[in-house]
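See below for the structure under consideration.
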Amino acid sequence: MIDVAKRLIYLREMRGITTNKLANLAGISQSAVREIELGESNPTVETLSYFCDVLGISMSEFFNEDENELNEFLVSSAKKLSQNQQLKLADFINEMF
180 MIDVAKRLIY LREMRGITTN KLANLAGISQ SAVREIELGE SNPTVETLSY
230 FCDVLGISMS EFFNEDENEL NEFLVSSAKK LSQNQQLKLA DFINEMF
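If you're matching positions, the sequence shown starts at 180 in this note's numbering and goes up one per residue.
Shown next, in the form of structure tokens:
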């Protein structure tokens, strides 16, 4: 069974979104988001759908912990870069290895 709190934190952090920004964009109070992320409460289906909208994913994707998710996220993010930015990213990655 999926840990909603951990999954929400993971997806939010992968997209570089703070808890406060998620709350503001989803129209949910910051304290409610914090309680959900701390596992102190569970989001309603409606609240979870707001989070998914902000994160740019479907509810199905939220509950699908695919091993390739990080790769897919990185590739889709890289595709949004200009050709010059993609080359710089490739250089950066090559320097790491």
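Just so you know, even glycine gets a beta-carbon here, dropped at the ideal spot from N, CA and C.
Endpoints, the alpha helix (DSSP H) within which residue i is located
i    : result
R186 : V183 to M193
T198 : T198 to A205
Spatial neighbours of residue i in its chain, beta-carbon cut-off 8 Å, leaving aside the 5 residues before and after
i    : result
E214 : S220
Residue i burial status per 10 Å Cβ neighbour count (16 or more: buried)
i    : result
A257 : exposed
A269 : exposed
L234 : buried
Sequence-distant residues of its chain with Cβ nearer than 6 Å to residue i (five each side left out)
i    : result
R191 : L201
Own chain partners of residue i with C-beta closer than 7 Å, once the 5 adjacent residues on each side are dropped
i    : result
T226 : I207
Q265 : A257
M238 : L227, S228 and C231
Residue ranges of each alpha helix (DSSP H) within the segment 215 to 269, 4 or longer: For the segment 215 to 269, whole alpha helix (DSSP H) runs of length 4 or above, ordered along the chain, are 224 to 234, 238 to 242 and 248 to 258.
Taking 8 Å as the cut-off, does the segment 202 to 215 touch the segment 229 to 242 (at least 3 CB pairs, one atom from each stretch)? Because the criterion of three Cβ pairs below 8 Å is met, the segment 229 to 242 and the segment 202 to 215 touch.
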